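This report refers to the structure that appears directly beneath it.
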Amino acid sequence: MLSNDITTLPGSITIIAGDPLFADSRNGNYRLQAFVQNGHVTHSLAIDFSATVIADLIDLDGNNFGQDVPTVPNIFGPHDLGAYEMRPIPGRIFADGFGDAISIVY
1474 MLSNDITTLP GSITIIAGDP LFADSRNGNY RLQAFVQNGH VTHSLAIDFS ATVIADLIDL
1534 DGNNFGQDVP TVPNIFGPHD LGAYEMRPIP GRIFADGFGD AISIVY
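Right under this line is the structure:
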């Protein structure tokens, strides 16, 4: 579980405090973000977070869960938290962005 406030939750190594880093929650876009900027990867902690087997293996876009993003370390496994599974964009592993953030997932 990933939450911005874990003070009321039971203590567990599987409960982590952090920002899910949604693309645009204000406008209903709850896809997760991962991007590279000036050689530094910034990513949602919810990407490649869970090893939990889920009943429905398809996300809301019709994509399979468990798509590993190589530049994002797995916390407990390859499944993303939430309704969308982020997939890596090939060929952007070495993207620098020259100051602009470049998404490495879609």
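Numbered per our numbering, the sequence shown spans residues 1474 to 1579. Where is the CB? At the ideal position from N, CA and C, for every residue including glycine. Note that this is a predicted model, so its numbers are computed, not measured.
Checklist entry - Starting from Tyr-1557 and walking both ways along the beta strand (DSSP E), at which residues does that stretch end? => result It is not in any beta strand (DSSP E) - Tyr-1557 carries neither H nor E in the DSSP assignment.
Item to check | For Asn-1500, the three-state DSSP class (helix, strand or coil) | outcome: helix
Item to check | Residues bridged to Ile-1531 (per DSSP) | outcome: Asn-1537
Checklist entry - Considering Thr-1515, what are the terminal residues of the beta strand (DSSP E) in which it resides? => result 1513-1516
Checklist entry - Mapping DSSP to helix, strand and coil, what is Ser-1523? => result strand
Checklist entry - Are the beta-carbon atoms belonging to Tyr-1557 and Asp-1534 less than 8 Å from one another? => result yes
Item to check | Reduced DSSP secondary structure (H/G/I, E/B, other) of Ala-1574 | outcome: coil
Item to check | CB of Ala-1490 within 8 Å of CB of Ser-1476, strictly | outcome: yes
Checklist entry - What residue range is occupied by the uninterrupted beta strand (DSSP E) comprising Asp-1508? => result Checking the sequence shown, residue 1508 turns out to be Phe, not Asp. Taken as a continuous stretch (DSSP letters only), the beta strand (DSSP E) holding Phe-1508 covers 1507-1510.
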